[in-house]
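J.: Okay, handing you the structure first.
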Amino acid sequence: MGASNQRAANRRFSSTEWRESQLYSLLKQSYLLNSRYCTDFVEALDMVEKEKNRLRFFTRQLVEAMSPTNFIATNPDVIKLATETDGQSLKSGLDNLVADLGKGSLTITIARERDLEHDATRR
139 MGASNQRAAN RRFSSTEWRE SQLYSLLKQS YLLNSRYCTD FVEALDMVEK
189 EKNRLRFFTR QLVEAMSPTN FIATNPDVIK LATETDGQSL KSGLDNLVAD
239 LGKGSLTITI ARERDLEHDA TRR
């Protein structure tokens, strides 16, 4: 995992539950280990650099999409917020999803320019 991906992973797993709960710690460590395996596998391939950059990009997309922080059942922050707001946080997220689908597509409503850079600049 590159330096920027490590910072992102650290930020995603900053809650104390990721360190104090054996279940969440196992989820985090398994995810990080498998993420590292996937990215190391791509780096070990002998292929044309242009194609390797494409593979890096798609691998990173897959790896980041599979983070346990992206799923309600495996994200202690989401569970805690949903409990604190009596489910209103989940309703708000669902409302956003429905609004995006009403526009005809899923959109990124908040994004920083550096998050949208090409994968080759993230190594």
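The opening residue of the sequence shown carries number 139 in this note's numbering; numbering runs sequentially from there.
For glycine and all other residues, C-beta sits at the position ideal for the given N, C-alpha and C.
Note that this is a predicted model, so its numbers are computed, not measured.
(1) Grouping DSSP H, G and I as helix and E and B as strand, with all else coil, what is T221?
(2) Which class does L228 belong to by DSSP, given the choice of helix, strand or coil?
(3) Less than 8 Å separating the beta-carbons of L183 and K190?
(4) Determine the extent of the alpha helix (DSSP H) in which L262 is found, giving its start and end residues.
(5) Going by beta carbon distance, what residues of the same chain come within less than 7 Å of S205, once the five residues before and after it are set aside?
(6) Name the two residues that bound the continuous alpha helix (DSSP H) containing A211.
T.: Judging by the given coordinates:
(1) helix
(2) Assignment of L228 by DSSP, reduced to helix, strand and coil, places it in the helix class.
(3) For L183 and K190, yes; Cβs fall inside 8 Å.
(4) This structure gives no information on residue 262, because the portion of the chain shown stretches from 139 to 261.
(5) R150, Y169
(6) Unbroken run through A211: none, as it is neither H nor E.
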